[in-house]
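Participant: First the structure, then my questions, so here it is.
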Amino acid sequence: MIVEFLGQGLYDEEIETAGNHICSALNNDFFNEITFFVAFLRKTGLSQILKFLKKAKAESKNITFFVGIDQKVTSKQALEKLLELNIPCYIYNTENYIYHPKIYLFEGKDKNRIIIGSSNFTNNGLFNNVEASVLLDFTTQDKSGMKVLNQLKNYFNPLLEYTEPNLYNVKQEYIDELYEKGLLSNEDFEGENVNHNLNKVYDKTKKFKKPSSVELGNIDIKDNRPLIDYKKQELKITDTYLEKWEYLFQKMKAYREKYNCVTVAKEYEDRTLYGWYQKQKLLYNHSTIEMPKEHINKLLGIDFYFGDGHILRQETIKKSWLEILKEAIDNGEDIKANHRYIYKEYTLGTWLTGVASQNRKGKKLEVRKEIENLGFDFSKTGRNTKDVFSRLIEALSKENPDKKDWRTRIYKHVLKQDRFTEEMKKEIEEYWELQFSEKLVWGKMHEKYIDKTDEWKLHRKKQGQWYPIKSENGEFHYLHSWTKRRFKSIRSWKEIIHKFNETELEELRKCGFPV
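Okay, so the sequence shown: first residue is 3 according to our numbering, each after it adds one.
In structure tokens form, the structure reads like this:
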């Protein structure tokens, strides 16, 4: 099934109107049963489609109209024209409800098409008004399409089977009767005295244009029809645009004074101002449209930014963060480039982390330079191997380093030692031996201070469970934090998982450990 959205009226584009699609369907050899359910029918609407109706009639296609007469919009002349063409037409009229559908149904042996939306069978409704419809085109083998078709025909069955008591066959006598009762409009006359209600419905100051019938009826519905680039049609200077320009300029001026900002964010509550702001930039930078010089001068007078507002906003945000960073440095803060560091209420650490992350992709390098010029050193808090190594060496080089503190630091990074090069590990070992007069054995230190597997297995044997830890008389209390880390982190199992058999691992999985 092919589904198409049909929009008309907002742009100068005249091809994708509901009227043109109806003409094209009438012109299509696939369809031989044509049924229209419309609230309003006007001769002006018929006039644009007349030759296609005549052609379809000449090809022995069955055409039927089901029309409403509410609000005195359907005209005497339109009904008489269908009568003249020998096209069956029926009026649905009841005092209880308003008949208001706009459905154009085309059926064939192998293919069907439904156009349903807001377009009435009037010239404006079919070609000029801002209207919207959906077109469904499907074969008789398409289950989804046939379901919709059957639902439609089932709903309108009383009309299609002519059993509805409020349905009246259109004959000249009935047309005259309706006109005498004041239920039909008269398109041969104008003026409020003749058709006051119609004048209210159709404002004659609105645009009224007749597309050339030569251009109609040639739309071919098929898969992968290209999308229409409406944005190209949107950009233009119209009388309406010029009339409203000063009003919106004053709003922009007030916005600048209130927020001290010359760009309007997309999320700003007044979306019309955002749209106007975007249009000024597009017009100013357009290669063929000349923006009025008066407008340019006024906009420059309020420092209007004609460039990419996103870039300007990013620059403003960067400037704000640099000011916060400078303040923190001046106050002697121990600034960290991690998500946990917050200066006052500002997530300064997160911003620094974001910059560092972008730097690794080769981006925001100029921002990093500005940060470093303020005195912040990323290597002091960076997590990459080079920075970690540099901090370890710096700490070991200090006079009288604390051995216990240093053991803690080694434990923290011992699982990452495979990231260190042989040269890096050798240098750390040399500094360690120089400071503490003993050799640094990575594996031995890891086994002695990190691995508590044997104690944990003993706890399992005595207490009958792996987790949570049961501590009696102080026994096993040191396992609490050690097992908790392994409960939360799959990485902590890297060096010990081989020490458990499959039965033990299955028990641990049932406890919730990530093994």
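Beta carbons: idealized from backbone N, C-alpha and C, even for Gly. Keep in mind that this is a model prediction, so the values were computed, not measured.
1) Could you give the residue range of the beta strand (DSSP E) that holds R115?
2) Going by DSSP, what residue range makes up the alpha helix (DSSP H) through D178?
3) With a CB to CB cut of under 8 Å and the five nearest residues on each side skipped, what residues in its chain are close to L442?
4) Check whether the region 23-32 and the region 101-108 touch, using three or more Cβ-Cβ pairs below 8 Å as the test.
5) Using a threshold of 8 Å, state whether the C-beta atoms of L85 and F54 are closer than that.
6) Just to confirm my understanding: we take G514, look at its own chain, exclude 5 residues before and 5 after, and list those with CB closer than 7 Å. What are they?
7) Can you tell me whether L12 is buried or exposed, with buried defined as 16 or more other CB within 10 angstroms of its CB?
8) List the endpoints of the continuous alpha helix (DSSP H) containing I337.
9) In three-state DSSP terms, what is C263?
10) Is M3 near S146, with beta carbons less than 8 Å apart?
11) In the DSSP assignment, what are the bridge partners of Y106?
12) Does the Cβ-Cβ distance between L52 and F67 come in under 8 Å?
13) Starting from T141, follow its DSSP beta bridges and name the residues at the other end.
14) Under three-state DSSP, which class holds Y99?
15) With distances taken Cα to Cα, identify the nearest neighbour of V172 among E477, K78, Q73, K295.
16) With a CB to CB cut of under 7 Å and the five nearest residues on each side skipped, what residues in its chain are close to T96?
17) Would you mind sorting I344 into buried or exposed? The rule is 16 or more other CB atoms within 10 Å of its CB.
18) Taking L185 as part of the alpha helix (DSSP H), name the residues at either end of that continuous run.
19) Helix, strand or coil for E497? Go by DSSP, reduced to three states.
20) Mapping DSSP to helix, strand and coil, what is S491?
21) CA-CA distance, N114 and E133?
22) For L302, count the other beta carbons within 10 Å of its own beta carbon; 16 or more makes it buried, fewer makes it exposed. Which is it?
23) Which two residues bound the contiguous alpha helix (DSSP H) that contains T355?
24) Compute the Euclidean distance between the alpha carbons of E424 and L376, then round it to the nearest angstrom.
25) Looking only at DSSP bridge pairs, what is A134 linked to?
26) Let me check understanding here. Comparing Cα to Cα, which of I230, K363, G277 lies closest to D14?
27) Short of 8 Å in beta carbon distance, which residues of its chain neighbour W484, apart from the five on each side in sequence? Order them along the chain.
28) Below 8 Å on the Cβ atoms is my contact criterion, and I expect I471 with L460 to pass it. Report the Cβ-Cβ distance as a whole number of Å.
29) Does the distance from the CB of K540 to the CB of K83 come in under 8 Å?
30) Return the CA-CA distance between R487 and Y261, expressed in angstroms with no decimal places.
31) Output the distance between the C-alpha atoms of N195 and L48, rounded to the nearest integer angstrom.
32) Pull up the distance between the alpha-carbon of N333 and that of H341, whole angstroms please.
33) Around the C-beta of D225, are 16 or more other C-beta atoms found within 10 angstroms, so that it is buried, or is it exposed?
34) Are there 16 or more other CB atoms within 10 angstroms of the CB of T19, so buried, or fewer, so exposed?
35) Taking only the alpha-carbon atoms, compute the straight-line gap between S2 and N131 and give it to the nearest angstrom.
36) Just reading off the beta strand (DSSP E) that L169 is part of, what are its end residues?
Facilitator: The answer reads as follows:
1) Position 113 of the sequence shown, counted from the first residue, corresponds to residue 115. Looking at the DSSP string, the run of the beta strand (DSSP E) that includes R115 is 113-119.
2) Reading the sequence shown from its first residue, position 176 is the one you call residue 178. 174-182 is the span of the alpha helix (DSSP H), which, as asked, contains D178.
3) Taking the sequence shown and counting its residues from 1, the one referred to as residue 442 is at position 440. These residues qualify, in order along the chain: I412, I430, E431, W434, E435.
4) yes
5) As a first step, residue 85 is located in the sequence shown; it is residue number 83 there, counting from the start. As a first step, residue 54 is located in the sequence shown; it is residue number 52 there, counting from the start. Not a contact, by the Cβ cut-off of 8 Å.
6) The residue you call residue 514 lines up with position 512 of the sequence shown. Once the five neighbours on either side are set aside, the close Cβ partners of G514 are F489.
7) In the sequence shown, residue 12 corresponds to position 10, counting from 1. Classified as exposed, L12 has fewer than 16 neighbouring CB atoms from the shown chains inside 10 Å of its CB.
8) Taking the sequence shown and counting its residues from 1, the one referred to as residue 337 is at position 335. Counting along the chain, I337 falls outside any alpha helix (DSSP H), and DSSP gives it neither H nor E.
9) In the sequence shown, counting from the first residue as 1, residue 263 sits at position 261. Three-state result, C263: coil.
10) Here residue 3 refers to the residue found at position 1 of the sequence shown. Here residue 146 refers to the residue found at position 144 of the sequence shown. Going by C-beta atoms, M3 is nearer than 8 Å to S146.
11) Along the sequence shown, read from residue 1 onward, the residue named residue 106 stands at position 104. In DSSP, Y106 forms a bridge with F38, I117.
12) If you number the sequence shown from 1, residue 52 lands on position 50. If you number the sequence shown from 1, residue 67 lands on position 65. It is not a contact, given that the beta carbons lie outside the stated cut-off.
13) Position 139 of the sequence shown, counted from the first residue, corresponds to residue 141. DSSP, once it has assigned bridges, lists K113 as partnering T141.
14) Numbered from 1 along the sequence shown, position 97 holds the residue referred to as residue 99. The DSSP-derived three-state label of Y99 is coil.
15) As a position in the sequence shown, residue 172 is number 170, starting the count at 1. When each option's Cα is compared against that of V172, the closest is K78.
16) Here residue 96 corresponds to residue number 94 of the sequence shown, with the count starting at 1. Hits under 7 Å: N168.
17) Your numbering for residue 344 matches position 342 in the sequence shown. Counting Cβ neighbours within 10 Å, I344 comes out exposed, since fewer than 16 surround it.
18) Stepping through the sequence shown from its first residue, residue 185 is reached at position 183. No alpha helix (DSSP H) contains L185, which DSSP labels as neither H nor E.
19) Along the sequence shown, read from residue 1 onward, the residue named residue 497 stands at position 495. Looking at E497 - three-state DSSP - the assignment turns out to be coil, as it is neither helix nor strand.
20) Within the sequence shown, numbered from 1, the residue matching residue 491 stands at position 489. Correct three-state label for S491: coil.
21) Reading the sequence shown from its first residue, position 112 is the one you call residue 114. Reading the sequence shown from its first residue, position 131 is the one you call residue 133. So the two alpha carbons sit approximately 23 Å from each other.
22) Here residue 302 corresponds to residue number 300 of the sequence shown, with the count starting at 1. Result: exposed.
23) For the purposes of this step, residue 355 is identified with residue 353 of the sequence shown, where counting begins at 1. Its alpha helix (DSSP H) spans residues 350-362.
24) Within the sequence shown, numbered from 1, the residue matching residue 424 stands at position 422. Within the sequence shown, numbered from 1, the residue matching residue 376 stands at position 374. Distance between the alpha carbons of E424 and L376 is about 35 Å.
25) Reading the sequence shown from its first residue, position 132 is the one you call residue 134. A134 pairs with G9.
26) Working through the sequence shown from its first residue, we reach residue 14 at position 12. Nearest C-alpha to D14: I230.
27) Here residue 484 refers to the residue found at position 482 of the sequence shown. Excluding sequence neighbours, W484 sits near K454, W458.
28) Taking the first residue of the sequence shown as 1, we reach residue 471 at position 469. Taking the first residue of the sequence shown as 1, we reach residue 460 at position 458. Contact flag wrong, Cβ pair sits at about 12 Å.
29) The first residue shown for the chain is 3 and the last is 517, placing residue 540 beyond what the model contains.
30) The residue given as residue 487 occupies position 485 in the sequence shown. The residue given as residue 261 occupies position 259 in the sequence shown. Their Cα atoms are separated by approximately 49 Å.
31) As a position in the sequence shown, residue 195 is number 193, starting the count at 1. As a position in the sequence shown, residue 48 is number 46, starting the count at 1. Because N195 carries a pLDDT of 37, less than 50, the predicted location of this residue cannot be relied on, and no value is offered for it.
32) Position 331 of the sequence shown, counted from the start, is the residue given in the question as residue 333. Position 339 of the sequence shown, counted from the start, is the residue given in the question as residue 341. A direct Cα-to-Cα measurement between N333 and H341 gives close to 20 Å.
33) Residue numbering aside, residue 225 sits at position 223 when the sequence shown is read from its first letter. Here D225 is exposed: its Cβ has fewer than 16 other Cβ atoms, across all protein chains shown, within 10 Å.
34) In the sequence shown, the residue the question calls residue 19 occupies position 17. It is buried - the Cβ of T19 has at least 16 other Cβ atoms within 10 Å.
35) Residue 2 cannot be examined here, being either before or after the span of the chain that is shown, 3 to 517.
36) Looking up residue 169 in the sequence shown gives position 167. Here the beta strand (DSSP E) through L169 covers 169-171.
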